[in-house]
Amino acid sequence: MIPIAKPMIGSDEINAVVKAMESGGLAQGPRVRLFEEYFADYIGVSHAVATSSGTAGLHVALLAHGIGAGDEVVTTPFSFIATANTVLFTGARPVFADIGEDYNIDPEGILHAITPKTKAVLPVHLYGCPAGMKAIREIAEDHNLTIIEDA
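Numbering-wise (my numbering), the sequence shown opens with residue -15 and increments by one.
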């Protein structure tokens, strides 16, 4: 296997995981609530919800924005299958836009993929390299599209 990313895990992270496992509060409890509060404050929103996986998080975000049957969501084909699957889980259709030299979704490709049924753009930030969000935000604003980021 060719490694594409190596997580930075030190003794603090290992000790925190052991402490959480020993507490039995892996999915709920005061640490999860505290994380949600800190994360919401960090990104400047009133609420944040921890989910069991990135897949669950994307699914919940799509549903929260009313994405469903008959809608289209522009995303990248160069991602884990869960990105497109979460769109399918809502009854909407993923529409693939090409990627750029950085392997992220190409804003120009997004423009070509937009139809009257397009309701959202789902960019994926790959390998620690963020997608071109300034251009993606401008496109979304111009076409009244929701942005849901897979990071």
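For glycine and all other residues, C-beta sits at the position ideal for the given N, C-alpha and C.
Remember, it's a predicted structure, so these values are computed and weren't measured experimentally.
Exercise. Give a yes or no on contact between the segment 11 to 28 and the segment 68 to 85, applying the rule of three or more CB pairs nearer than 8 Å.
Key: no
Exercise. Would you mind reading off the limits of the alpha helix (DSSP H) that contains residue 73?
Key: Taking the sequence shown and counting its residues from 1, the one referred to as residue 73 is at position 89. 66 to 73 is the extent of the alpha helix (DSSP H) around residue 73.
Quiz item: Which runs of the alpha helix (DSSP H) fall wholly inside the segment 4 to 77 and span at least 4 residues, in chain order?
Solution: 14 to 27, 38 to 48, 66 to 73
Quiz item: What are the boundary residues of the alpha helix (DSSP H) that residue 97 is part of?
Solution: Counted from its first residue, the sequence shown places residue 97 at position 113. Counting along the chain, the alpha helix (DSSP H) containing residue 97 begins and ends at 91 to 97.
Self-check item: Residue from 127, 79, 108, 89 with nearest C-alpha to residue 54
Solution: Indexing the sequence shown from 1 puts residue 54 at position 70. Closest by alpha carbon: 79.
Practice problem: Return the Cβ separation of residue 57 and residue 104 in integer angstroms, given the expectation that the two are a contact with Cβ distance under 8 Å. | Solution: Along the sequence shown, read from residue 1 onward, the residue named residue 57 stands at position 73. Along the sequence shown, read from residue 1 onward, the residue named residue 104 stands at position 120. About 5 Å; that satisfies the 8 Å criterion.
Exercise. Within its chain, find whatever has a CB closer than 8 Å to the CB of residue 10; leave out the 5 residues flanking it on each side and keep chain order.
Key: Here residue 10 is taken as the residue at index 26 of the sequence shown, counted from 1. Cβ within range, chain order: 4.
Quiz item: Roughly how many whole angstroms lie between the Cα atoms of residue 40 and residue 19?
Solution: Your numbering for residue 40 matches position 56 in the sequence shown. Your numbering for residue 19 matches position 35 in the sequence shown. Residue 40 and residue 19: Cα-Cα distance of roughly 17 Å.
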